[in-house]
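Asker:
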RNA sequence: UGACCCAUGGUGUAAUUGGUAACACACCAGUUUUUGGUUCUGGCAUUCAAGGUUCAAGUCCUUGUGGGUCAACCA
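Residue numbers (the working numbering): 89 to 647.
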């Protein structure tokens, strides 16, 4: 299945690139970049940005750099650098050459700043942050000039060099671009471009005590790397004039910025700050909790990288706000998993079933197809004996219409084994069924059925002599509201779904589960797709439910 | 009381750049099936509003309406 454009329609970024190609801009070169700040873990929203950059570049024979936008040392850490690299690789993308760092350009950026000072379009401001903020005005009211705005070039240069030399404490002064304090675009009102931070940097150590602001680093870094198309999300739209202003003032390679709408997914949040809060409050087990929207979480949950890529492709690239339905993500992952998952049987809520005419002490080995979608996937063996476990919900005393499962005097097939008929059942003092007694039809053996009996239902089961106890972690959406962060009057944590994790410790699985690998996708038949969790040990097998199977019967019952 | 961006079904994207709304998901009804899974079939919008240009407008123009974004020594 093609993950990219199956049709010929192009998104607006592709149209821009094709126009550039047509006009011979940059000799037909396409060079993009993905520029995360190493201050947190990548999430599903980043996956979309990664997908756009890497796939688009690939489509036109171009390259994509990975550049860590590390201009704020107090928030960044090498731990994040490593997790980001790991996640991008897992998604299936290879960046051009080595990973790059904005901090590698600090000396160049510093020189650029001196250039602006010498041109008379940058000055040192010694006012407090509050005063500078006040002078900015508001979107509807123009700002006022700083009293330091007209210092001489010499004085500015001298002070800037003193800043770099570490002569001043944090906050004593900043370097600002001299643009227009009355500009309708707030960002053009003499933006700050350098500030003092006596802080240790994960990459440059203590070499610097002044650091460039985002706006003074990003466009120039793109330019230094000869990036042709710098794609970012919509919230940077207002930065574009400034991005261009610096490049023009400095007369450097004219990278161009284009903005796309970020992808939002219903019931998921993609704010680093809020994801961190979930971790800190202990509402999730960590950044890789399988309920998290982080790539590490999705990976642990059992999502396939190709599914995430296909989801990105399916959701398109555009400039309007969007909220993707979780159903689409689930549809994609089910579709992919259906093709590759090994089918096994697991009873999640066990009820004892005795096959009364099956000889006591006898067992037999039955083959079980690994994947009905794929003949070449082969089979594995299951054991059958006199006593087995079935799902409590698969036996009903007083079944509704069109109930195909087991009930008194009803026939049903045990998947991969025999047809059975329920004869008797035993109840406890509360009237609850604790045991079902059946007879089986030896001539109805799976694959060689001569019984002539027709059954509507086929059920999964697990043999009692070989069953393995399992811990299952069943996940649901983390929030009860599709957009938990959109309520002005309520904190997003108020929508935390307390049932987002249900742990099942009574499940019993067929013996084959002891042999499955750590990354082998599984389908617990009639239940869902699962993946072994890293918390598993020799004595304890833990599985995460990636996504449940579609259940049209349950849906019908609800109505 | 400003600037910029956006507006197609329940959701998300398309529409040969002015030629008579397509695809996917969801939903509904069937079909298939030794997983109530899977498969397959059918159903499901006249494009925010009002004017205008034109033989022809989702596509162009005007004016509205609605939504989003912009003031951190964050990115």
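Yeah, the Cβ is synthetic: ideal placement off N, Cα and C, and Gly gets one too. Keep in mind that this is a model prediction, so the values were computed, not measured.
May I have the straight-line CA-CA distance separating residue 413 from residue 407, to the nearest angstrom?
Answerer: Residue 413 sits at position 325 when you count from the first residue of the first chain. Residue 407 sits at position 319 when you count from the first residue of the first chain. Each residue's alpha carbon lies about 18 Å from the other.
Asker: Could you tell me the alpha carbon to alpha carbon distance between residue 230 and residue 278, rounded to whole angstroms?
Answerer: For the purposes of this step, residue 230 is taken as the residue at position 142 of the first chain. For the purposes of this step, residue 278 is taken as the residue at position 190 of the first chain. Roughly 12 Å between the two C-alpha positions.
Asker: What is the rounded straight-line gap between the Cα of residue 632 and the Cα of residue 566?
Answerer: For the purposes of this step, residue 632 is taken as the residue at position 544 of the first chain. For the purposes of this step, residue 566 is taken as the residue at position 478 of the first chain. Taking the straight line from one Cα to the other gives about 15 Å.
Asker: Among the residues of its own chain, which have a CB less than 8 Å from the CB of residue 389, if the five just before and after it don't count?
Answerer: Sequence index remark: in the first chain, residue 389 carries index 301 (1-based). Counting only Cβ-Cβ distances below 8 Å, and skipping sequence neighbours, we find 378, 379, 563, 619, 632 and 634.
Asker: Considering only their Cβ atoms, is the gap separating residue 540 from residue 492 smaller than 8 Å?
Answerer: Position 404 of the first chain, counted from the first residue, corresponds to residue 492. Position 452 of the first chain, counted from the first residue, corresponds to residue 540. Contact: no.
Asker: Alpha carbons only, please: which of 222, 202, 359 and 589 is nearest the one belonging to residue 250?
Answerer: Translated into the one-based positions of the first chain, residue 250 becomes position 162. Minimum Cα distance to residue 250 is reached at 202.
Asker: Please go through the same chain and pick out, in chain order, the residues whose beta-carbon is closer than 6 Å to the beta-carbon of residue 99, but skip the five residues on each side of it.
Answerer: Translated into the one-based positions of the first chain, residue 99 becomes position 11. Around residue 99: 405.
Asker: So, for residue 200: in the same chain, excluding its five sequence neighbours on each side, which residues have a beta-carbon less than 7 Å away from its beta-carbon?
Answerer: Taking the first residue of the first chain as 1, we reach residue 200 at position 112. If we look at residue 200 and ignore the five residues flanking it on each side, its Cβ neighbours are 308 and 338.
Asker: Going by DSSP, what residue range makes up the alpha helix (DSSP H) through residue 240?
Answerer: Indexing the first chain from 1 puts residue 240 at position 152. No alpha helix (DSSP H) holds residue 240; DSSP gives it neither H nor E.
Asker: Tell me which residue opens and which closes the alpha helix (DSSP H) that residue 334 is part of.
Answerer: For the purposes of this step, residue 334 is taken as the residue at position 246 of the first chain. Taken as a continuous stretch (DSSP letters only), the alpha helix (DSSP H) holding residue 334 covers 328-338.
Asker: I believe residue 451 touches residue 417 by the beta-carbon criterion, under 8 Å. Please report the beta-carbon distance rounded to the nearest angstrom.
Answerer: For the purposes of this step, residue 451 is identified with residue 363 of the first chain, where counting begins at 1. For the purposes of this step, residue 417 is identified with residue 329 of the first chain, where counting begins at 1. The pair is not a contact, with the Cβ atoms about 42 Å apart (cut-off 8 Å).
Asker: On the DSSP letters alone, give me the boundaries of the beta strand (DSSP E) that residue 608 sits inside.
Answerer: Here the question's residue 608 lines up with position 520 in the first chain. No beta strand (DSSP E) holds residue 608; DSSP gives it neither H nor E.
Asker: Within this structure, are the beta carbons of residue 163 and residue 211 separated by less than 8 Å?
Answerer: Looking up residue 163 in the first chain gives position 75. Looking up residue 211 in the first chain gives position 123. Going by C-beta atoms, residue 163 is not nearer than 8 Å to residue 211.
Asker: Give me the DSSP bridge partner(s) of residue 678.
Answerer: The requested residue 678 is not part of the displayed model; the chain covers only 89 to 647.
Asker: From residue 280 to residue 142, what does the alpha carbon distance come to, in whole angstroms?
Answerer: The residue given as residue 280 occupies position 192 in the first chain. The residue given as residue 142 occupies position 54 in the first chain. Taking the straight line from one Cα to the other gives about 32 Å.
Asker: In whole angstroms, give me the CA-to-CA distance for residue 220 and residue 274.
Answerer: Walking along the first chain from the start, residue 220 turns up at place 132. Walking along the first chain from the start, residue 274 turns up at place 186. Residue 220 and residue 274: Cα-Cα distance of roughly 13 Å.
Asker: So, for residue 475: in the same chain, excluding its five sequence neighbours on each side, which residues have a beta-carbon less than 6 Å away from its beta-carbon?
Answerer: In the first chain, counting from the first residue as 1, residue 475 sits at position 387. Only 442 and 552 meet the Cβ criterion.
Asker: Tell me, which residues are paired with residue 341 by DSSP?
Answerer: Here the question's residue 341 lines up with position 253 in the first chain. Per DSSP, none; premise fails for residue 341.
Asker: For residue 603 and residue 554, what's the separation of their Cα atoms in angstroms?
Answerer: Counting from 1 along the first chain, the entry for residue 603 is found at position 515. Counting from 1 along the first chain, the entry for residue 554 is found at position 466. Approximately 13 Å, taken between the alpha carbons.
Asker: May I ask you to verify whether the stretch 126-140 touches the stretch 358-374, counting CB pairs closer than 8 Å and requiring at least 3?
Answerer: Yes, the stretch 126-140 is in contact with the stretch 358-374.
Asker: Please list the segments of the beta strand (DSSP E) lying wholly inside the stretch 262-322, counting only runs of 3 or more residues, in order along the chain.
Answerer: List check, beta strand (DSSP E) in window: 262-265, 280-284, 298-300 and 317-321.
Asker: Could you tell me whether the stretch 313-331 touches the stretch 341-353, using the rule of 3 or more Cβ pairs below 8 Å?
Answerer: Because the criterion of three Cβ pairs below 8 Å is met, the stretch 313-331 and the stretch 341-353 touch.
Asker: Could you tell me which whole beta strand (DSSP E) segments of length 3 or greater appear in the stretch 129-161?
Answerer: Whole beta strand (DSSP E) segments, 3+ residues: 151-156.
Asker: For the alpha helix (DSSP H) holding residue 418, just list the boundary residues, first then last.
Answerer: The residue you call residue 418 lines up with position 330 of the first chain. Residues 414-428.
Asker: Per DSSP, which residues does residue 510 bridge with? Please list them.
Answerer: For the purposes of this step, residue 510 is taken as residue 422 along the first chain, with counting starting at 1. Answer by DSSP bridge pairing, in chain order: 526.
Asker: Under three-state DSSP, which class holds residue 541?
Answerer: As a working mapping, residue 541 is identified with position 453 in the first chain. In the structure shown, residue 541 sits in coil (DSSP, three-state: anything other than H, G, I, E or B).
Asker: Who does residue 597 pair with in a DSSP beta bridge?
Answerer: Residue numbering aside, residue 597 sits at position 509 when the first chain is read from its first letter. The partner list for residue 597 (beta bridge, DSSP) reads 434 and 556.
Asker: Go to residue 470, then tell me how far its beta strand (DSSP E) extends in each direction, as first and last residue.
Answerer: Position 382 of the first chain, counted from the first residue, corresponds to residue 470. Here the beta strand (DSSP E) through residue 470 covers 467-473.
Asker: Do you know offhand how far residue 326's Cα is from residue 624's?
Answerer: Translated into the one-based positions of the first chain, residue 326 becomes position 238. Translated into the one-based positions of the first chain, residue 624 becomes position 536. Their backbone Cα atoms lie some 49 Å apart in a straight line.
Asker: Mind checking residue 514: buried by the 16 CB within 10 Å criterion, or exposed?
Answerer: Numbered from its first residue, the first chain carries residue 514 at position 426. Residue 514 is exposed by the Cβ-count criterion.
Asker: Let me check understanding here. Comparing Cα to Cα, which of 512, 426 and 316 lies closest to residue 495?
Answerer: Against the first chain, residue 495 aligns to sequence position 407. Minimum Cα distance to residue 495 is reached at 512.
Asker: Taking DSSP's pairing of strands, which residues face residue 616 in a bridge?
Answerer: Locating residue 616 in the first chain gives position 528, counting from the first residue. Answer is 612 and 636.
Asker: Which partner residues does residue 352 have in the DSSP bridge list?
Answerer: Here the question's residue 352 lines up with position 264 in the first chain. BP columns for residue 352 point to 411.
Asker: Residue range of the alpha helix (DSSP H) that residue 177 falls in?
Answerer: For the purposes of this step, residue 177 is taken as the residue at position 89 of the first chain. 166-179 is the extent of the alpha helix (DSSP H) around residue 177.
Asker: Among 262, 433, 426 and 577, which residue has its Cα nearest to the Cα of residue 462?
Answerer: Counting from 1 along the first chain, the entry for residue 462 is found at position 374. Residue 462 has its Cα closest to that of 426, out of 262, 433, 426 and 577.
Asker: Give every residue of the same chain whose Cβ lies closer than 6 Å to the Cβ of residue 550, excluding the five residues on either side of it in the sequence, and list them in chain order.
Answerer: Translated into positions along the first chain, residue 550 becomes position 462. Counting only Cβ-Cβ distances below 6 Å, and skipping sequence neighbours, we find 433, 435, 477, 596 and 598.
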